[in-house]
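These notes are about the structure you will find just below.
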Amino acid sequence: MSTTAELEDTLRQAILAKPDALLEDQSVMNALVSANERAMGSNIVDLRGIAMERMEARLDRLEDTHRSVIAAAYENLAGTNQIHRAVLRLLDPMDFESYLGNLGGELAEILRVDSVTLVLETAHPEQDAAVQRMDQVLKVVEPGFVEQYINPQRNGPDRQVTLRQMQCGNARTHGAKADFIRSEACLKLELGEGRLPGLLVLGAEDPHQFTPQHGTDLLAFFAGVFERSMRHWLS
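Numbering (this note's numbering), first residue to last: 2 to 236.
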C-alpha cells in the first residue's frame, strides 16, 4: 500500500472514530464547505450553503450580544458591591471630624476616585478652626453655588446625579488636584427642611470614569444614604 493510501486510511479511520469532533471544529467545517462549493462549480447556487452562512452570522451576533450582557451584569454586580462597601464605611466614624477625614481616605479608595469633596452652602461663610483643618475635603461656599456649579447654563432638568468630562477640574471643589481631574460625578444633597443644599463631588483622573452615558442608579442610592447621614451629623 502506498504512503498516500496509508495517510488517507489513517485520516479515514480517525474521522470515523470521532465524527463529532469533526463537526464541532469550525475551521475544519469551513474548509469542507469551501471544498464542496469549489467542486460544484460557479454555475450552481447552493441555497443550503447561503442559509448556513446567514445562520452563522446570526449566531456570531447572538454570541457577541451574550458576551456583552454577561460583561454588563458582572460590571453592575461589581459596582453594587462597591457602593455597599462605601455605605458601610460611612457608618463607621463616631464623630464628625472622623467622618470628614474618611471621605478623602478609605472611602475614596473604595470608590476608586482621586478626589472627594463635600460642599456646603452657608449664609455665614466665616470658617472656624475645625472647618479649616478639613479644607481638603470640606468646602464652605456662598448660597447658590451648588446649583450654579451643577448647571451653569440653567438648561436641562434638575438631576440628583450629574456625570461629566472636563479638560481640568474646578479649583474650588478639587483644590490642588484640580489640574489632574478629567471627569467628575456631582451628587446633589438635600440636607433637610430649612437647610441649604450640599454637594458631594467625586473626581477622577480617568476621563472615562464618569460620562453622561453611564447609569446613575447606584450613585443616586449612595447620594441618598450620604445625605441622610449628613442630616444626622448636622442635627
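Each residue gets a CB set at the ideal place from its N, CA and C atoms; glycine is no exception. Quick caveat, the model's predicted, so the values are computed rather than measured.
8 angstroms Cβ cutoff met for residue i and residue j
i, j, result
"Gln161", "Arg183", "no"
"Val147", "Leu200", "yes"
"Leu197", "Pro153", "no"
"Glu188", "Phe227", "In the sequence under discussion, the amino acid at residue 188 is Leu, which differs from the Glu named in the question. Cβ distance < 8 angstroms, so Leu188 and Phe227 count as in contact."
"Ala205", "Val114", "yes"
For residue j and residue i, the rounded distance between their alpha carbons
i, j, result
"Leu235", "Leu91", "15 angstroms"
"Gly102", "Ile111", "14 angstroms"
"Leu203", "Leu119", "9 angstroms"
"Arg59", "Ala52", "11 angstroms"
"Ala36", "Glu9", "17 angstroms"
"Ala186", "Asp180", "16 angstroms"
"Leu33", "Glu54", "14 angstroms"
"Gly80", "Glu194", "31 angstroms"
"Asn77", "Ala18", "46 angstroms"
"Glu64", "Glu107", "39 angstroms"
"Leu192", "Pro158", "20 angstroms"
"Pro213", "Leu164", "5 angstroms"
"Val88", "Met95", "15 angstroms"
Sequence-distant residues of its chain with Cβ nearer than 6 angstroms to residue i (five each side left out)
i, result
"Asn82", "none"
"His175", "Ser116, Ile182, Gly204"
Buried versus exposed call for residue i [16 or more other C-beta atoms within 10 Å across all chains shown]
i, result
"Met231", "buried"
"Ala224", "buried"
"Met2", "Residue confidence for Met2 is low, a pLDDT of 45 falling below 50, so the modelled location carries little weight; the figure read from the coordinates is stated next. The residue is exposed, with fewer than 16 neighbouring Cβ atoms inside 10 Å."
"Ile16", "exposed"
"Gln210", "buried"
"Gly216", "exposed"
"Val142", "buried"
"Leu24", "exposed"
"Glu98", "exposed"
"Ile71", "exposed"
"Ala172", "exposed"
"Leu12", "exposed"
Counterpart residues of residue i in DSSP-defined beta bridges
i, result
"Gln166", "Ser184"
"Thr118", "Val202"
"Leu235", "Looking at the DSSP assignment, Leu235 forms no beta bridge with any residue, so it has no partner."
"Val141", "Leu121"
Own chain residues within Cβ distance below 8 angstroms of residue i, not counting five before or after
i, result
"Val138", "Leu101, Gly102, Leu104, Gly105, Val117, Thr118, Leu119"
"Gln168", "Arg183"
Spatial neighbours of residue i in its chain, beta-carbon cut-off 7 angstroms, leaving aside the 5 residues before and after
i, result
"Leu190", "Pro198, Gly199, Leu200, Leu201, Ala224, Phe227, Glu228, Met231"
"His85", "none"
"Leu220", "Val162, Ala186, Leu188"
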